[in-house]
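Okay, so here's the structure we're looking at.
Chains as they are written, first to last, in our numbering: chain V, 1 to 109; chain D, 110 to 707.
Encoded structure:
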């Protein structure tokens, strides 16, 4: 699909360089650590977070909930929902074609 | 009368006239309408305007209050952004559909009675169908047809609800309605279909990806948000909305994870956020209702920004599937930037989503019942999942990820300008909520402070760990591969299920038909006809044969007499003497029976 613009397309872009991606990821890890640390410090120094729920005061509650929710969402979709609902990309088109020729039949992927 | 004209009138007039204008005039005119709309909006003051008496009813076309003003404001802004976005194409039908869409939505928002509401509600459907059709592909044609079918069905349900509501003594006023009786429930369901509720809302993710790159901006803005608006008006505080909202906020995300078409991923995330608004309406407190309005406002902004970015990708590459995209940050750096700003606007502090979504979460948390605690946990899950899908997955697979080898031009200038204006609004609203957004909320007495130290740090922790999970899932290969597939949703009911029902009816009704024909027409009817045709004469022959035998008739003569009896019976031509005789005999028999009975 490479086409048109003759600019220096094939020089790797900023995000294609491994060291840049590593640098970004490092910032992400540092950020994650920093906010957990802040949460722990709040607890240590007794900073009032005005929580609605008890568990909001547990250090790292939001971090853990977020991480677990993200992973559960992805794994649930991958291992439970996808096997149930996945069909071939032309599922409905095939169906229409089958109806037109009155053949019917299974068409799972 | 206010100094303004009815916004719907302005836009509908524009939608019609733009069809007849040539070339440049058309572009200037199309852009002038939303600009006039903005000026017109600024002239509107609270009050009731444009009432028309109709039979026993009073139709109110302009109920201007805090609720209608905040929706009118964002609808007007988006009409300008949407028209600006499609300006370079300069296509009559695109402009017309966009203006019609905006005008109808404003008509719904300003309606003060149920009939006016219904009229504009149906016009929304027409505009949406045009927005899909203008894509111009055969699939779009089919999708437009499906959209029309579902929404006409929804419209009929709504109308039936309104009629029943009126017939059972309900008021025609478009105001709070108690969820009691068939009429109210039908209206509730009619609104719910447009609000993309579970089962009945599959039309949204089915048809949105088929819309044109610009038409989708209008679709994503107007239909579901007017539905949220009418629900907030009619059914605030209904507990059933909480359950519906929880399903909306969680289930579509699972689909988003395994969906390949990135505009459909955004559509799933849109439903998830509509779930937030439905929950807010279900909670029914002043703060939560403020949250519903504020979040409609902010969600329209950032979702439009994301849809515009993906629309530009579609415009330039003709593709929207994750399997076909990737590495576009080199070709479309500005579009990529705006997509990232749109993603940040979903949840990051100092962007618009943060100041509205958290209002709903606080409203849920402050009630402290078991149900609202579950709601709060679902909302937290929903906001994490939405950020992971619409905020990380979509930009990642379109602009980063592996290099797809696609090389294209940056989006056209007008599209970039439309995205830039939206991005600036997202940041402005999020950074200075009190300066603008919070001033407009329907319940000014319910104050809210989004920027506390703990809230900001908690939110950053939430988002960063969501990102961390995404990175680790991708790197470990656990993240499900993007694959070309159709994921069956409840649209199956009317796409495949429809044809199954058709076949079932075909088989069962046609079998019944032929069976009935064989049994009734060929059997029962034949005998009945026979009975009435020759039954009387046969009966007479049966009685007379012994008489003739006693009279000493020969068998030939008896047969002759029988035949002549049948003939006469068929012609109805008995000699008068015989008829009279029979009548006298019958009368005699009757008298005998009567006498014996005594």
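A virtual CB, placed ideally from N, CA and C, is assigned to each residue, including glycine.
In whole angstroms, what is the alpha-carbon distance linking residue i and residue j?
{"i": "residue 2(V)", "j": "residue 517(D)", "result": "Annotation note: pLDDT 40 at residue 2(V) (below 50); position unreliable, no value reported."}
{"i": "residue 204(D)", "j": "residue 211(D)", "result": "11 angstroms"}
{"i": "residue 201(D)", "j": "residue 519(D)", "result": "24 angstroms"}
{"i": "residue 460(D)", "j": "residue 618(D)", "result": "59 angstroms"}
{"i": "residue 109(V)", "j": "residue 82(V)", "result": "Note that residue 109(V) scores 35 on pLDDT, short of 50, meaning its location in the model is unreliable; the coordinates nonetheless yield the value given after this. Cα-Cα distance, rounded: 12 angstroms."}
{"i": "residue 168(D)", "j": "residue 591(D)", "result": "52 angstroms"}
{"i": "residue 330(D)", "j": "residue 56(V)", "result": "34 angstroms"}
{"i": "residue 53(V)", "j": "residue 242(D)", "result": "49 angstroms"}
{"i": "residue 155(D)", "j": "residue 118(D)", "result": "18 angstroms"}
{"i": "residue 185(D)", "j": "residue 191(D)", "result": "10 angstroms"}
{"i": "residue 123(D)", "j": "residue 173(D)", "result": "22 angstroms"}
{"i": "residue 319(D)", "j": "residue 60(V)", "result": "42 angstroms"}
{"i": "residue 498(D)", "j": "residue 583(D)", "result": "13 angstroms"}
{"i": "residue 284(D)", "j": "residue 342(D)", "result": "6 angstroms"}
{"i": "residue 306(D)", "j": "residue 253(D)", "result": "20 angstroms"}
Three-state secondary structure (DSSP) at residue i?
{"i": "residue 129(D)", "result": "helix"}
{"i": "residue 584(D)", "result": "helix"}
{"i": "residue 57(V)", "result": "helix"}
{"i": "residue 2(V)", "result": "With a pLDDT of 40 at residue 2(V), under the threshold of 50, the predicted position of this residue should be treated as unreliable, and no value is reported."}
{"i": "residue 166(D)", "result": "strand"}
{"i": "residue 234(D)", "result": "helix"}
{"i": "residue 597(D)", "result": "coil"}
{"i": "residue 173(D)", "result": "strand"}
{"i": "residue 285(D)", "result": "coil"}
{"i": "residue 114(D)", "result": "coil"}
{"i": "residue 182(D)", "result": "helix"}
{"i": "residue 156(D)", "result": "strand"}
{"i": "residue 372(D)", "result": "helix"}
{"i": "residue 469(D)", "result": "helix"}
{"i": "residue 195(D)", "result": "coil"}
{"i": "residue 8(V)", "result": "With a pLDDT of only 48 at residue 8(V), under the threshold of 50, the placement of this residue in the model should not be trusted; the figure read from the coordinates follows. It is coil, neither helix nor strand."}
{"i": "residue 315(D)", "result": "helix"}
{"i": "residue 430(D)", "result": "strand"}
Under a CB-based cut-off of 8 angstroms, is residue i close to chain V?
{"i": "residue 588(D)", "result": "yes"}
{"i": "residue 363(D)", "result": "yes"}
{"i": "residue 367(D)", "result": "yes"}
{"i": "residue 597(D)", "result": "yes"}
{"i": "residue 610(D)", "result": "no"}
{"i": "residue 580(D)", "result": "yes"}
{"i": "residue 594(D)", "result": "yes"}
{"i": "residue 316(D)", "result": "no"}
{"i": "residue 243(D)", "result": "no"}
{"i": "residue 336(D)", "result": "no"}
{"i": "residue 462(D)", "result": "no"}
{"i": "residue 107(D)", "result": "As displayed, chain D neither begins before 110 nor continues past 707, which places residue 107(D) out of reach and without an answer."}
{"i": "residue 605(D)", "result": "yes"}
Quick one: is residue i near chain D, going by C-beta distance under 8 angstroms?
{"i": "residue 38(V)", "result": "yes"}
{"i": "residue 76(V)", "result": "yes"}
{"i": "residue 97(V)", "result": "no"}
{"i": "residue 46(V)", "result": "no"}
{"i": "residue 19(V)", "result": "no"}
{"i": "residue 87(V)", "result": "yes"}
{"i": "residue 81(V)", "result": "yes"}
{"i": "residue 25(V)", "result": "yes"}
{"i": "residue 41(V)", "result": "no"}
Using only alpha-carbon positions, find the residue among the options that is nearest to residue i.
{"i": "residue 542(D)", "options": "552(D), 559(D), 585(D)", "result": "559(D)"}
{"i": "residue 467(D)", "options": "220(D), 269(D), 389(D)", "result": "389(D)"}
{"i": "residue 39(V)", "options": "52(V), 54(V), 58(V), 21(V)", "result": "58(V)"}
{"i": "residue 513(D)", "options": "422(D), 484(D), 497(D)", "result": "422(D)"}
{"i": "residue 354(D)", "options": "371(D), 367(D), 363(D), 380(D)", "result": "380(D)"}
{"i": "residue 581(D)", "options": "29(V), 14(V), 87(V)", "result": "29(V)"}
{"i": "residue 587(D)", "options": "72(V), 94(V), 92(V), 89(V)", "result": "72(V)"}
{"i": "residue 300(D)", "options": "417(D), 282(D), 338(D)", "result": "338(D)"}
{"i": "residue 435(D)", "options": "630(D), 509(D), 248(D), 243(D)", "result": "509(D)"}
{"i": "residue 493(D)", "options": "273(D), 382(D), 188(D), 572(D)", "result": "572(D)"}
{"i": "residue 399(D)", "options": "237(D), 419(D), 270(D), 470(D)", "result": "470(D)"}
**OP:** Please list the residues of the region 565 to 578 of chain D that have a C-beta atom closer than 9 angstroms to any C-beta atom in chain V, keeping them in chain order.
**Re:** Look at the region 565 to 578 of chain D: the residues with a C-beta under 9 angstroms from a C-beta of chain V are 566, 567, 568, 569, 570, 571, 572, 573, 574, 575, 576, 577, 578.
Original post:
Of all the residues that make up the region 50 to 73 of chain V, which are near chain D by a beta-carbon distance shorter than 7 angstroms?
Top reply: 50, 52, 53, 62, 63, 65, 66, 67, 69, 70, 71, 73
**OP:** Quick one: which residues of the region 509 to 521 of chain D get their C-beta closer than 8 angstroms to a C-beta of chain V? List them in chain order.
**Re:** 509, 512, 513, 514, 515, 516, 517, 518
**OP:** For the region 472 to 501 of chain D, enumerate the residues whose C-beta is nearer than 8 angstroms to any C-beta of chain V, in chain order.
**Re:** 474, 475, 477, 482, 485, 489, 490, 493, 494, 497
Original post:
What residues from the region 254 to 278 of chain D come within 7 angstroms of chain V, judged by C-beta to C-beta, listed N to C?
Top reply: none
Subject >> Interfacial residues, the region 434 to 451 of chain D to chain V, with Cβ spacing under 9 angstroms >> reply: Taking 9 angstroms as the Cβ-Cβ cut-off against chain V, the residues of the region 434 to 451 of chain D that qualify are 436, 438, 439, 440.
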